[in-house]
Amino acid sequence: MFDLRNVKEQFASECTGCGLCVECCPIIENTDLRGVDPQEIMGEILDLFQRNQMGSLARTRIYSCLFCNTCVAFCPQGLSPGLSFGVGKAILREIGDPVPGGVSSAQETAEALIDSVLPSFGEDSKKPDWLITDLSDTRLQPAKTVLFSSCFGLIQRNTLLTTLKILQRVDPAVKVFGGFDYCCGELQFMAGRPDEAQAQFVALVEGLNALSPEEVVIFCPTCNMNFDHHNPETPWSRTFITDYIAAHLDELGPLQEVQATVTVPMTPATSFVERDPHQSRPERY
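First residue of the sequence shown? That's 1462 in my numbering, and the numbers climb one at a time after it.
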């Protein structure tokens, strides 16, 4: 797995401050950075990474980043700006900048939400056999297929149950693994605590290893992104839920054609086509 501590050094030494990651960012136009020169923003970012100097533009950029990874495809240096901005939060903490209240409380809020929703699945021994939130559970058995629920999955109970029903048509013995103690570390990373985020992710992988699965299906796109970043060596394979469903369509059938109109909202601020690597700026729809 990669070491988050190396991200700062790599970004500080390799980022050229070109500003393409700012230009392609879908959230910028909804922040105070709208209309600001992207290179000016990145100049302050580099001041923070290279000299621990904080500017208001850098702070806004770092805390407005939603870690969507849109910028990765636009970076001519092959960096992950979003991941680096997450590490930037740790730099801000180290130089004494207070973490915004909403960010610092996200972990506690998620824990409270999970604690409140778990009883709806059934308490203690009445919990369904397919749900695993405690590795000391005496009913714990190895599982060929494990659906990693993430924080989001447990909180979005109905969505998780629907997903489970789909997977059970492929593997009736599928298990769901999750709980606050086995999150991916994103909440700690958001709060500028990359070392804690790394430890949390390691605990998650160890928890999944304990179930001896052949395949782990990832329910949450943010968790899937974290797996991509860490890229752990595991005895099991992992698949994002949509890829899993696509790979098992024959087993999920028979399929029926549905006539429907699907509307996908797109705005100028969030809609970009893939950039030609020879172009200096991304093209918008």
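From the three backbone atoms N, C-alpha and C, an ideal C-beta is built for every residue, glycine too.
Beta strand (DSSP E) segment containing residue i, residue limits
i	result
Leu1601	Run containing Leu1601: none; DSSP gives neither H nor E here.
Phe1535	From DSSP, Phe1535 is part of no beta strand (DSSP E); its letter is neither H nor E.
Phe1638	1636 to 1638
Residue i, buried or exposed, once every other Cβ within 10 Å from all chains shown has been counted against 16
i	result
Glu1744	The predicted model places Glu1744 with a pLDDT of 43, which falls under 50 and marks its position as unreliable; any figure quoted below should be read in that light. Classification for Glu1744: exposed.
Cys1542	Here residue 1542 is Pro; the residue named in the question, Cys, does not match the sequence. Buried: at least 16 other Cβ atoms inside 10 Å.
Asn1687	buried
Asn1685	buried
Ile1489	buried
Gly1557	exposed
Val1468	buried
Ser1610	buried
Thr1620	exposed
Ala1696	Note that residue 1696 is Pro in the sequence shown, not Ala. Pro1696 comes out exposed.
Gln1659	buried
Thr1703	exposed
Val1719	exposed
Lys1626	exposed
Thr1683	buried
Arg1654	buried
Range covered by the alpha helix (DSSP H) that runs through residue i
i	result
Ile1627	1618 to 1629
Lys1550	1542 to 1555
Val1483	1481 to 1484
Val1564	1562 to 1565
Phe1650	1647 to 1651
Asp1632	Where Asp1632 is concerned, there is no enclosing alpha helix (DSSP H), given that its DSSP letter is neither H nor E.
Asp1711	1710 to 1713
Cβ-based neighbour list, residue i, same chain, cut-off 7 Å, excluding 5 preceding and 5 following
i	result
Lys1588	Phe1582
Gln1511	Ala1473
Phe1662	Cys1645, Gly1646, Asn1687, His1691
Val1497	Leu1518
His1739	Model confidence at His1739 stands at a pLDDT of 45, short of 50, so the residue's coordinates are unreliable and nothing is read from them.
Thr1531	Cys1485, Cys1486, Pro1487
Thr1521	Thr1492, Asp1493, Leu1494
Asp1737	With a pLDDT of 47 at Asp1737, under the threshold of 50, the modelled position of this residue cannot be trusted; read the value that follows with caution. The answer is none, since no qualifying residue turns up.
Ala1634	Ala1604, Lys1605
Close Cβ partners of residue i (< 6 Å) along its chain, the five nearest in sequence each way excluded
i	result
Glu1735	Confidence at Glu1735 is low in this model, with a pLDDT of 43, below 50, so the placement of that residue should be treated as unreliable; the coordinate-derived value is given next. Within the same chain, Glu1735 has no close Cβ partners at all.
Proximal residues to residue i (C-beta, below 8 Å), its chain only, five neighbours per side dropped
i	result
Cys1612	Ala1571, Leu1574, Ile1575, Gly1639, Phe1641, Cys1644, Leu1648, Cys1681
Gly1516	Glu1505, Asp1508, Leu1509
Tyr1524	Lys1550, Pro1561, Val1564
Closer than 8 Å: residue i CB and nearest the ligand COA heavy atom
i	result
Gly1714	In terms of ligand content, the structure shown is empty, and the ligand COA therefore cannot be addressed.
Is there contact between the region 1592 to 1608 and the region 1670 to 1677, where contact requires at least three CB pairs shorter than 8 Å?
yes
Could you tell me which uninterrupted beta strand (DSSP E) segments, each at least 3 residues in length, are contained entirely in the region 1670 to 1706, listed from first to last along the chain?
1676 to 1679, 1698 to 1701
Entirely within the region 1474 to 1530 and at least 4 residues each: give me those alpha helix (DSSP H) ranges in chain order.
The qualifying runs are 1481 to 1484, 1499 to 1512, 1517 to 1525.
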